[in-house]
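In terms of my numbering, the sequence shown opens at residue 1 and continues consecutively.
Take a look at the structure set out below.
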Amino acid sequence: MLVRIVRMTFQEDKLADFHAIFDSSKYLIRAFPGNRHLQLLSDPDRPDVRMTYSLWDSANALEEYRQSELFRSTWAATKVLFAERAIAFSGENLETVTRIDMA
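In structure tokens form, the structure reads like this:
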């Protein structure tokens with residue numbers, strides 16, 4: 001499983017435009033082969049920042065998405081709204097820690 005996080009800083013007057021793009025593409029991204037989870041986050045200290053958190057079957061699955069027309073068109077419409085360059089990184093899950101009842 002591959003975790004992908006993308007942090008995007010938007011021009012403040014372009015946030016509504018981004019949300020419209022996300023709303024129109026989120027179910028298509030979620031249905032893309034290899035996508036297991038998609039979440040949109042906000043930075044509590046920076047109202048102009050949004051982050052996507054997604055889970056992919058593999059790096060290859062993410063790369064297939066990144067080569068798709070869906071990604072190209074969505075990213076092209078999104079990146080013109082940025083105030084700063086986006087930061088993206090991926091990681092593979094090494095361990096998931098679950099809560100143990102200590103009582």
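By construction, the Cβ of each residue, glycine as well, lies at the ideal position given by its N, Cα and C atoms.
Out of the options, point me to the one whose CA is closest to residue i's CA.
{"i": "Val-3", "options": "Arg-46, Thr-96 and Met-102", "result": "Thr-96"}
{"i": "Ala-59", "options": "Leu-15, Phe-82 and Pro-33", "result": "Pro-33"}
{"i": "Glu-12", "options": "Glu-92, Ala-83 and Gln-67", "result": "Ala-83"}
{"i": "Gln-39", "options": "Phe-22, Arg-46 and Asp-45", "result": "Phe-22"}
{"i": "Glu-69", "options": "Asp-17, Leu-94 and Ser-25", "result": "Ser-25"}
{"i": "Lys-14", "options": "Pro-47, Leu-28, Asp-43 and Tyr-27", "result": "Pro-47"}
{"i": "Phe-18", "options": "Asp-45, Thr-74 and Glu-63", "result": "Thr-74"}
Is it the case that the Cβ atoms of residue i and residue j are separated by a distance below 8 Å?
{"i": "Ser-5", "j": "Tyr-53", "result": "Looking at the sequence shown, residue 5 is not Ser but Ile. Contact flag set, yes."}
{"i": "Met-1", "j": "Leu-41", "result": "no"}
{"i": "Ile-87", "j": "Arg-7", "result": "yes"}
{"i": "Arg-36", "j": "Asp-57", "result": "yes"}
If I follow the unbroken beta strand (DSSP E) through residue i, where does it start and stop?
{"i": "Leu-2", "result": "2 to 9"}
{"i": "Ser-73", "result": "From DSSP, Ser-73 is part of no beta strand (DSSP E) but of the alpha helix (DSSP H) over 69 to 79."}
{"i": "Phe-89", "result": "87 to 92"}
Given the structure, does residue i come close to the ligand NAP, in the sense that its CB is under 7 Å from one of the ligand's heavy atoms?
{"i": "Thr-9", "result": "This structure simply doesn't include the ligand NAP, nor any ligand for that matter."}
Only counting runs of 4 or more residues, tell me where the alpha helix (DSSP H) segments fall wholly within the segment 11 to 62, in order along the chain.
Every alpha helix (DSSP H) of 4 residues or more that sits fully in the segment 11 to 62 is shown, in chain order, as 15 to 31.
Sufficient close CB pairs (3 or more, under 8 Å) joining the segment 38 to 52 to the segment 73 to 81:
These segments do not touch.
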